[in-house]
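Comments concern the structure below.
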Amino acid sequence: MDLRYPIGKYEPQPFSDKQKRAWLQDIQFLPGLMEQAIENLDERQFDTPYRDGGWTIKQVVHHVPDSHMNAYTRFKLGLTEDKPVIKPYDEVEWANLRDVSVVPVNISITLLYALHTRWHAAIRDLTDEQWKRTVIHPEQNKELTLWYLLGSYAWHGKHHVAHITSLRERKGWQ
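Just so it is clear: in the sequence shown, position 9 is 9 by the UniProt record's numbering, and no numbers are missing.
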């Protein structure tokens with residue numbers, strides 16, 4: 001198994017109501033899955049990288065709401081502007097900022113619950129036409145649909161939960 005991609009890489013899917021329901025549930029329920037993934041871990045465990053050269057569990061937990069705050073903003077821009085150019089960010093640098101090392105992970109879990117509640121409410125009733133709206137990603141030099149982003153971020157949350165749960169399994173951490 002490639003420890004970088006414990007659930008595989010993101011594979012875009014054609015639009016379907018069934019897939020939409022599944023991905024919306026991924027967005028809705030991610031905070032609880034993340035909270036369960038870190039339950040009963042101690043500080044030594046939080047400071048353990050999920051793989052050699054990878055982020056610590058603490059960095060992963062703080063990264064997800066950082067990333068998903070950007071996602072939420074990208075969706076809102078995509079819904080309210082015509083093909084907006086989105087702002088990339090340096091996720092590695094963000095993961096090394098002071099807040100990641102000093103703020104307890106429960107703060108990011110709380111943020112994740114609040115953020116995903118708002119995000120899910122904003123997108124759960126989009127029309128098929130709204131899912132076709134696009135944003136421009138300047139680093140990728142691509143026009144991305146909101147549908148593509150939904151799948152990407154649904155995958156992203158599960159991807160990082162799997163980093164934690166697969167580490168727990170490998171280490172035998174109950």
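Even glycine gets a Cβ: it sits at the ideal position worked out from N, Cα and C.
LEU3 sits in coil when the DSSP states are folded into three classes, being neither helix nor strand. Comparing alpha carbon positions, the residue from ALA162, GLN174, ARG168 closest to LYS9 is ALA162. Under DSSP, THR145 takes part in a beta bridge, and its partners are THR134. The DSSP-derived three-state label of THR48 is coil. By the Cβ neighbour-count rule, GLY151 is buried, with 16 or more other Cβ atoms within 10 Å of its own.
Under the three-state reduction of DSSP, THR56 is assigned to strand. CA-CA distance, TRP23 to TYR50, rounds to 25 Å. ILE164 and SER101 have their C-alpha atoms roughly 17 Å apart.
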